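> Okay, here's the structure, questions in a sec.
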Amino acid sequence: MNPYVRPALSLILLMTVVTGALYPLAVTGIAQVAFPEQANGSLVRDAQGQVRGSALIAQDFQGDGWFHSRPSAGAYATVASGASNLAPSNPALAERVAADAATWYRAEQGPVPQALLTTSGSGLDPHLPPQAVAYQIPRVAAARQVPVQRLQALQEEATLHPLIGPPVVNVLALNQALEKLTQ
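full-length UniProt numbering applies: residue 1 is where the sequence shown begins, and numbers increase by one.
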């Protein structure tokens with residue numbers, strides 16, 4: 001056997017065990033101890049303990065009685081997450097945004113916030129800017145027959161102020177609070 005082959009194969013085997021098994025197990029163990037909620041997917045549960053989604057992944061809410069997330073190029077599927085990869089000059093992107101803008105537009109509310117028309121890079125961003133949530137309040141209030149002021153208070157409670165970056169609202173958490181409000 002060539003004097004270089006045995007040490008090379010031994011090193012490949014050793015590194016495979018270290019980087020493919022030991023290191024991932026160590027990182028998983030540390031994460032489970034230090035950050036159990038995040039390590040298990042930041043799952044959001046309802047009052048019965050059923051998993052309703054993840055605080056880190058956008059959900060597809062249908063109907064006027066719910067706040068809607070950003071559009072998703074991958075239909076909110078985690079396997080197909082990603083952007084549409086359509087260039088700003090692509091007519092298909094312009095047509096989709098124009099169609100969405102026409103659907104969302106209400107003359108009395110002014111222009112539709114950009115976050116309601118454009119997808120995020122992953123297509124699964126669970127957060128919206130407060131302005132995009134506020135734009136939806138009249139529709140949700142009318143559908144649920146809830147005072148606008150109550151929904152505005154709910155939005156304020158759900159608004160997160162990260163250390164870095166602008167304030168955001170997690171749409172899943174907001175819709176869960178909305179569900180509790182109208183039960």
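The beta-carbon is built from N, C-alpha and C at its ideal position, and this holds for glycine as well.
These numbers were taken from a predicted model, which means no experiment stands behind them.
#1: Ala39: which of Gln48, Tyr105, Gly29, Ser89 sits nearest, CA to CA?
#2: Quick check: the Cα distance between Val146 and Arg70, rounded to an integer number of angstroms?
#3: Kindly identify the DSSP beta-bridge partner or partners of Asn170.
#4: Measure the CB-CB distance between Ala173 and Val44 and report whether it falls below 8 Å.
#5: With three or more C-beta pairs closer than 8 Å as the rule, is the stretch 135–149 touching the stretch 93–100?
#6: Any beta-carbon of chain D closer than 8 Å to the one on Pro88?
#7: Just the Cα atoms here: how many angstroms apart are Asn85 and Ser72?
#8: Specify the secondary structure class of Leu14 as computed by DSSP and reduced to three states.
#9: Confirm, please, whether the CB-CB distance from Pro113 to Val168 is below 8 Å.
#10: Determine the DSSP secondary structure at Gly53, reduced to helix, strand or coil.
#11: From the DSSP output, in three-state form, read off Gly110 for me.
#12: Spatial neighbours of Gln109 within its chain, please: CB distance less than 8 Å, with the 5 preceding and 5 following residues excluded, ordered by chain position.
#13: So what's Arg96 in DSSP terms, helix, strand or just coil?
#14: Less than 8 Å between the beta carbons of Gln50 and Tyr76, yes or no?
Working from what's here:
#1: Considering only alpha carbons, the answer is Gly29.
#2: 23 Å
#3: His127
#4: yes
#5: no
#6: No chain D appears in the structure shown, which is made up of a single protein chain.
#7: Separation of Asn85 and Ser72 (C-alpha to C-alpha, rounded to the nearest whole angstrom) is 12 Å.
#8: In the structure shown, Leu14 sits in a helix (DSSP, three-state: H, G or I).
#9: no
#10: strand
#11: DSSP places Gly110 within a strand segment (E or B) once states are collapsed to three.
#12: Sequence-distant Cβ neighbours of Gln109 in its own chain, meaning closer than 8 Å and more than five residues away, are Tyr135, Pro138.
#13: helix
#14: no
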